[in-house]
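Visitor:
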Amino acid sequence: MRRGDVAATAIALLILGQIQEPRQTRVVGAVVVGAAVCGRIPGLAKSQREQCRKAPHAMPAVGEGAELGLRECRHQFRHHRWNCSHVANDQIFGHVVVVGSREAAFTYAISSAGVTYAVTAACSRGNITACGCEPAIRTRKELPPNGWEWGGCSADVTYGMRFARRFLDAREIEGDARSLMNLHNNKAGRKIVKALLQTECKCHGVSGSCTVKTCWRTLPSFRQIGDALMKKYYRAKAVVAITPPPPPTIQSSESISHSTTAEITPILGNDAKTQGKPTDFIKSHRDRQSSKKMNSGVKPRRAHLVLKRSKVNTGGSMMGSKRIPKRSELVFLQPSPNYCEPDLALGSLGTQGRYCNRTSKGTDGCDLMCCGRGYNTHQFTRTWQCRCKFHWCCHVHCDTCTERTEEYTCK
Numbered sequence: 001m002r003r004g005d006v007a008a009t010a011i012a013l014l015i016l017g018q019i020q021e022p023r024q025t026r027v028v029g030a031v032v033v034g035a036a037v038c039g040r041i042p043g044l045a046k047s048q049r050e051q052c053r054k055a056p057h058a059m060p061a062v063g064e065g066a067e068l069g070l071r072e073c074r075h076q077f078r079h080h081r082w083n084c085s086h087v088a089n090d091q092i093f094g095h096v097v098v099v100g101s102r103e104a105a106f107t108y109a110i111s112s113a114g115v116t117y118a119v120t121a122a123c124s125r126g127n128i129t130a131c132g133c134e135p136a137i138r139t140r141k142e143l144p145p146n147g148w149e150w151g152g153c154s155a156d157v158t159y160g161m162r163f164a165r166r167f168l169d170a171r172e173i174e175g176d177a178r179s180l181m182n183l184h185n186n187k188a189g190r191k192i193v194k195a196l197l198q199t200e201c202k203c204h205g206v207s208g209s210c211t212v213k214t215c216w217r218t219l220p221s222f223r224q225i226g227d228a229l230m231k232k233y234y235r236a237k238a239v240v241a242i243t244p245p246p247p248p249t250i251q252s253s254e255s256i257s258h259s260t261t262a263e264i265t266p267i268l269g270n271d272a273k274t275q276g277k278p279t280d281f282i283k284s285h286r287d288r289q290s291s292k293k294m295n296s297g298v299k300p301r302r303a304h305l306v307l308k309r310s311k312v313n314t315g316g317s318m319m320g321s322k323r324i325p326k327r328s329e330l331v332f333l334q335p336s337p338n339y340c341e342p343d344l345a346l347g348s349l350g351t352q353g354r355y356c357n358r359t360s361k362g363t364d365g366c367d368l369m370c371c372g373r374g375y376n377t378h379q380f381t382r383t384w385q386c387r388c389k390f391h392w393c394c395h396v397h398c399d400t401c402t403e404r405t406e407e408y409t410c411k
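In full-length UniProt numbering, the protein residues as written are 1 to 411.
See below:
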C-alpha cells in the first residue's frame with residue numbers, strides 16, 4: 001500500500017480477530033462483523049473491500065501477517081541507519097516507503113510474505129473455511145527413501161499465496177514503474193514462503209514400531225523467511241521500466257493490391273520455387289501471411305522491468321538473456337538515501353540518538369551509524385547478585401557484583 005497512512009486498516013482487520021469464543025460461532029460472528037467493518041476500513045481499494053466481504057474470516061490473518069512482517073523488518077534492520085522507522089510504534093502499517101529503494105523492495109516483500117505466511121497458518125489451524133490441508137499430490141522424489149508416504153496435513157501455501165496476491169496486488173493498478181516494482185517484490189515475498197517449506201516425517205505403530213511412515217509439508221519459522229529476504233535485499237537489482245512501442249499497423253491485402261497493381265511491372269523470379277511467378281505476387285502473398293499473423297488476436301505488449309545495466313535499443317526490443325530480473329529477486333528503481341538526517345518524505349527519522357557499537361566496523365558501528373557526526377558516551381554502573389551458594393539448612397548467600405558499562409549514542 002503505497003499512498004497514505006493505513007494504520008486504521010490493520011486495526012480494523014485485527015478487530016475481526018477479537019471474535020474468538022465460542023469457537024462454534026467464530027465464523028458466523030466474523031461474517032457479521034466483517035460485513036460492517038469492511039465498508040469502514042480506510043485505504044482499501046474496491047476489489048480489496050469485495051474480498052474482505054467475501055472472506056471476512058481471513059482478514060484477521062491479513063492483519064497478523066502485516067504485523068508479523070513489521071516485527072521481522074525491525075529485527076532485520078535493527079543495526080542499520082534505516083530500521084523500519086517509517087512505521088511508528090503505535091502503528092502496524094504506517095507510511096510505506098515512498099522512494100523506490102532497496103528498503104521499499106524489502107518492505108513490500110516482507111509484508112507479502114507475512115500475509116502469505118499468516119493466511120497459510122490460519123488454514124492449517126482451521127480458522128479459514130475456504131482452505132485447510134494442501135490438496136496437491138506430491139511426487140515420491142520429494143520423500144525420504146525406504147517406504148515413506150505423503151500424509152497428514154500439509155500447509156496449504158497455494159491458497160495463502162493466491163489470497164495474498166489478490167488482496168495486496170489489488171492496489172497496484174497504476175501500471176507505472178513503481179507499481180511494476182511493487183508487484184514484482186510482492187511476488188518475490190510470496191515465492192520465498194513456498195520455497196522454504198519444510199518436510200516433516202513421523203513413524204506410527206504399536207509399541208514404538210514404525211508400521212506407517214508419513215510425511216507432510218510445514219511452514220518454516222518466519223525468522224528463516226526474514227533471513228532469506230535479507231540476503232535478497234543485499235543482492236537486489238536496479239531496474240528500469242520500459243514500454244514497448246505498439247506493433248506496426250499493417251495494411252490489408254486489398255489496399256496493397258490496389259496500390260500496387262497499376263504501378264508494379266511483374267518481374268519473374270529466378271529461383272526454383274519462384275520461377276515463372278511475378279515477384280510482386282510473392283511479396284504480396286508474404287505480406288498477406290504477415291498481416292494475418294499480426295491481426296490474429298495479437299495482444300499489445302505490456303510495460304515491464306529490465307535490469308538497469310542492460311542496454312535497450314530505440315525499439316524497446318529484447319537485448320541479452322539476463323536483462324529481465326528473476327521472479328525471486330528483489331528489485332528497486334532508485335538508490336537509497338543515506339538516512340542520516342530526518343526526512344519524512346523519504347521515510348527517514350535520522351540517526352541522532354541511535355545506539356551504536358564503538359568497536360564495530362559494520363553497519364552498527366558508530367562511524368557508519370552516526371554518519372561522521374561523532375557519538376556521546378554514557379557510563380552506567382550495573383549491580384546484581386552473583387556467586388550464590390546454598391548453606392545447609394536453609395540459607396542462600398550471594399555476593400554483590402558491580403560492573404561499569406558504557407553505551408554510545410549518535411550525536
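Backbone N, C-alpha and C fix where the C-beta goes; we use that ideal spot for every residue, glycine too.
Computed from a predicted model, the values in this text were never measured in an experiment.
What residues are listed by DSSP as bridge partners for residue 242?
Guide: On the sequence shown, position 242 is the one that residue 242 refers to. Partner(s): 304.
Visitor: According to DSSP, is residue 117 part of a helix, a strand, or is it coil?
Guide: Locating residue 117 in the sequence shown gives position 117, counting from the first residue. Helix at residue 117.
Visitor: Only counting the same chain, and skipping five residues up and downstream in sequence, which positions put a Cβ closer than 6 angstroms to that of residue 191?
Guide: Translated into the one-based positions of the sequence shown, residue 191 becomes position 191. Counting only Cβ-Cβ distances below 6 angstroms, and skipping sequence neighbours, we find 328.
Visitor: Distance, Cα to Cα, residue 325 vs residue 181?
Guide: Here residue 325 is taken as the residue at index 325 of the sequence shown, counted from 1. Here residue 181 is taken as the residue at index 181 of the sequence shown, counted from 1. Taking the straight line from one Cα to the other gives about 11 angstroms.
Visitor: Using the beta-carbon count (16 or more within 10 Å), is residue 48 buried or exposed?
Guide: Here the question's residue 48 lines up with position 48 in the sequence shown. Buried, by the Cβ-count rule.
Visitor: Just the Cα atoms here: how many angstroms apart are residue 220 and residue 228?
Guide: Sequence index remark: in the sequence shown, residue 220 carries index 220 (1-based). Sequence index remark: in the sequence shown, residue 228 carries index 228 (1-based). The alpha-carbon atoms of residue 220 and residue 228 are separated by roughly 11 angstroms.
Visitor: For residue 150, is the classification buried or exposed, using 16 other Cβ atoms within 10 angstroms of its Cβ as the cut-off for buried?
Guide: Taking the first residue of the sequence shown as 1, we reach residue 150 at position 150. Buried: at least 16 other Cβ atoms inside 10 Å.
Visitor: Mapping DSSP to helix, strand and coil, what is residue 348?
Guide: On the sequence shown, position 348 is the one that residue 348 refers to. Strand, per DSSP.
Visitor: Thinking C-alpha only, which one of 205, 105, 242, 225 is nearest residue 183?
Guide: As a working mapping, residue 183 is identified with position 183 in the sequence shown. Among 205, 105, 242, 225, the Cα nearest to that of residue 183 belongs to 105.
Visitor: Given this structure, state the Cα-to-Cα distance separating residue 341 from residue 358, to the nearest angstrom.
Guide: Stepping through the sequence shown from its first residue, residue 341 is reached at position 341. Stepping through the sequence shown from its first residue, residue 358 is reached at position 358. Their Cα atoms are separated by approximately 20 angstroms.
Visitor: Is the stretch 351 to 368 in contact with the stretch 380 to 397, if contact means three or more CB pairs nearer than 8 angstroms?
Guide: Taking 8 angstroms as the limit for Cβ pairs, the verdict is that the stretch 380 to 397 does not touch the stretch 351 to 368.
Visitor: For the alpha helix (DSSP H) containing residue 50, name the first residue and the last one.
Guide: In the sequence shown, residue 50 corresponds to position 50, counting from 1. Its alpha helix (DSSP H) spans residues 46 to 54.
Visitor: In whole angstroms, what is the alpha-carbon distance linking residue 302 and residue 244?
Guide: To locate residue 302, count along the sequence shown from 1; it is residue 302. To locate residue 244, count along the sequence shown from 1; it is residue 244. Those two C-alpha atoms are separated by around 7 angstroms.
Visitor: Assess, as a yes-or-no matter, whether the stretch 192 to 209 is touched by the stretch 73 to 83 under the definition of 3 or more beta carbon pairs within less than 8 angstroms.
Guide: No, they do not touch.
Visitor: Around the C-beta of residue 384, are 16 or more other C-beta atoms found within 10 angstroms, so that it is buried, or is it exposed?
Guide: Position 384 of the sequence shown, counting from 1, holds the residue named residue 384. Its Cβ having fewer than 16 others within 10 Å, residue 384 is exposed.
Visitor: Starting from the C-beta of residue 396, find all residues in its chain whose C-beta is less than 8 angstroms away, skip the five residues before and the five after it, and write them out in chain order.
Guide: Here the question's residue 396 lines up with position 396 in the sequence shown. Same-chain partners within the cutoff: 388, 389, 390.
Visitor: Hey, could you find the ends of the beta strand (DSSP E) residue 376 is sitting in?
Guide: Within the sequence shown, the letter at position 376 stands for residue 376. Here the beta strand (DSSP E) through residue 376 covers 375 to 391.
Visitor: When DSSP builds the beta bridges, which residues end up paired with residue 355?
Guide: Residue 355 sits at position 355 when you count from the first residue of the sequence shown. Its beta-bridge partners are 409.
Visitor: Evaluate residue 338 with the Cβ neighbour count: other Cβ atoms within 10 Å of its Cβ, from every protein chain shown; 16 or more gives buried, anything less gives exposed.
Guide: The residue you call residue 338 lines up with position 338 of the sequence shown. Label assigned to residue 338: exposed.
Visitor: Could you please give the first and the last residue of the uninterrupted alpha helix (DSSP H) stretch that includes residue 99?
Guide: In the sequence shown, the residue the question calls residue 99 occupies position 99. Here residue 99 belongs to no alpha helix (DSSP H), and DSSP marks it neither H nor E.
Visitor: Within the same chain, show all residues whose beta-carbon is closer than 6 angstroms to that of residue 108, passing over the 5 residues directly before and after it, in chain order.
Guide: The residue labelled residue 108 in the question sits at position 108 within the sequence shown. Excluding residues within five positions, the ones whose Cβ falls inside 6 angstroms are 182, 185, 186.
Visitor: Just how far apart, CA to CA, sit residue 113 and residue 126?
Guide: Here residue 113 refers to the residue found at position 113 of the sequence shown. Here residue 126 refers to the residue found at position 126 of the sequence shown. Roughly 20 angstroms separates the two Cα atoms.
Visitor: Please tell me whether residue 356 has its Cβ less than 8 angstroms away from any Cβ of chain C.
Guide: Absent here is chain C; the protein component of the structure consists of one chain.
Visitor: Please determine, among 44, 195, 60, the residue with the shortest C-alpha to C-alpha distance to residue 119.
Guide: If you number the sequence shown from 1, residue 119 lands on position 119. Comparing Cα-Cα distances from residue 119 to each of 44, 195, 60, the minimum goes to 60.
Visitor: Could you tell me the alpha carbon to alpha carbon distance between residue 98 and residue 170, rounded to whole angstroms?
Guide: Residue mapping note: residue 98 aligns to position 98 of the sequence shown, counting from 1. Residue mapping note: residue 170 aligns to position 170 of the sequence shown, counting from 1. For residue 98 and residue 170, the distance between alpha carbons rounds to 18 angstroms.
Visitor: Between which residues of its own chain and residue 156 is the CB-CB distance below 8 angstroms, once the five residues before and five after are set aside?
Guide: Sequence index remark: in the sequence shown, residue 156 carries index 156 (1-based). These residues qualify, in order along the chain: 120, 123, 124, 131, 132, 133, 134, 135.
Visitor: Grab me the residues of residue 83's own chain with a C-beta within less than 7 angstroms of its C-beta, minus the 5 sequence neighbours each way, in chain order.
Guide: The residue given as residue 83 occupies position 83 in the sequence shown. Result list for residue 83: 74, 77, in chain order.
Visitor: Nearest to residue 380 by alpha carbon, out of 405, 356, 369, 370?
Guide: Walking along the sequence shown from the start, residue 380 turns up at place 380. Cα-wise, what sits closest to residue 380 is 405.
Visitor: Can you tell which of 161, 336, 408 has its C-alpha closest to the C-alpha of residue 356?
Guide: To locate residue 356, count along the sequence shown from 1; it is residue 356. With distances taken between Cα atoms, residue 356 lies closest to 408.
Visitor: Determine the direct distance from the alpha carbon of residue 207 to that of residue 71, and round the result to whole angstroms.
Guide: The residue labelled residue 71 in the question sits at position 71 within the sequence shown. The residue labelled residue 207 in the question sits at position 207 within the sequence shown. Rounded to whole angstroms, residue 71 to residue 207 spans 44 angstroms at the Cα level.
Visitor: Can you tell me whether DSSP reads residue 190 as helix, strand or coil?
Guide: The residue given as residue 190 occupies position 190 in the sequence shown. In this structure, residue 190 counts as helix in the three-state DSSP scheme.
Visitor: Once DSSP output is grouped into helix, strand and coil, what is the label at residue 164?
Guide: The residue labelled residue 164 in the question sits at position 164 within the sequence shown. Looking at residue 164 - three-state DSSP - the assignment turns out to be helix.
Visitor: Residue range of the alpha helix (DSSP H) that residue 203 falls in?
Guide: For the purposes of this step, residue 203 is taken as residue 203 along the sequence shown, with counting starting at 1. From DSSP, residue 203 is part of no alpha helix (DSSP H) but of the beta strand (DSSP E) over 198 to 204.
Visitor: From the DSSP output, in three-state form, read off residue 342 for me.
Guide: For the purposes of this step, residue 342 is taken as the residue at position 342 of the sequence shown. Correct three-state label for residue 342: strand.
Visitor: I need the DSSP call for residue 256, collapsed to helix, strand or coil.
Guide: Here residue 256 refers to the residue found at position 256 when the sequence shown is read from its first residue. Confidence is the limiting factor: at residue 256 the pLDDT is only 49, short of 50, which leaves the residue's position unreliable, though a coordinate-based value still follows. Residue 256: helix per DSSP, three-state reduction.
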